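Student: Under full-length UniProt numbering, think of the first position of the sequence shown as 1, with each following residue one higher.
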Amino acid sequence: MCGYQSSYTSSWNNHPNLTTQPQPQPSMSTSSLEQAILKISKVMEDFVGKQQKINSHLNEKIDNLESSINVRMEGVYNDLSLRIEKVQNSVEKLTNLDIARGKEASSSTPP
């Protein structure tokens, strides 16, 4: 015989920790439920306030970056425009030089 059987008492039959039935949840009183709701509301207000500050800060940084990028792109655009203009002028000069040489060559050769 096992030694545990002699230590078992019938009063343990109704002990809540020794039952297989689901344990009833302790019910909150209305005031503690209201307090919990107030605490959650406060936490949410704090969270939303902090998130709005973060969003505002991020929007400011995004605006600054956008402005900086626009200034840089304008500089790049202006630089490229000048370079394209120089290339066009060079092409025009070379074309005119080629035309002038062609006229010289055709006028210097006897018909």
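We treat Cβ as the ideally placed atom computed from N, Cα and C, and that holds for glycine.
Computed from a prediction, not measured in an experiment: that's the story for all the values here.
State the DSSP-derived secondary structure class of residue 187, mapped to helix, strand or coil.
Tutor: Since the displayed the chain opens at 1 and closes at 111, residue 187 lies outside it and no answer follows.
Student: Classify S107 as helix, strand or coil using the three-state DSSP reduction.
Tutor: Numbered from 1 along the sequence shown, position 107 holds the residue referred to as residue 107. In the structure shown, S107 sits in a helix (DSSP, three-state: H, G or I).
Student: So what's T30 in DSSP terms, helix, strand or just coil?
Tutor: Here residue 30 is taken as the residue at index 30 of the sequence shown, counted from 1. In the structure shown, T30 sits in a helix (DSSP, three-state: H, G or I).
Student: What separation, rounded to the nearest whole angstrom, lies between the Cα atoms of V87 and D98?
Tutor: Along the sequence shown, one-based indexing puts residue 87 at 87. Along the sequence shown, one-based indexing puts residue 98 at 98. For V87 and D98, the distance between alpha carbons rounds to 16 Å.
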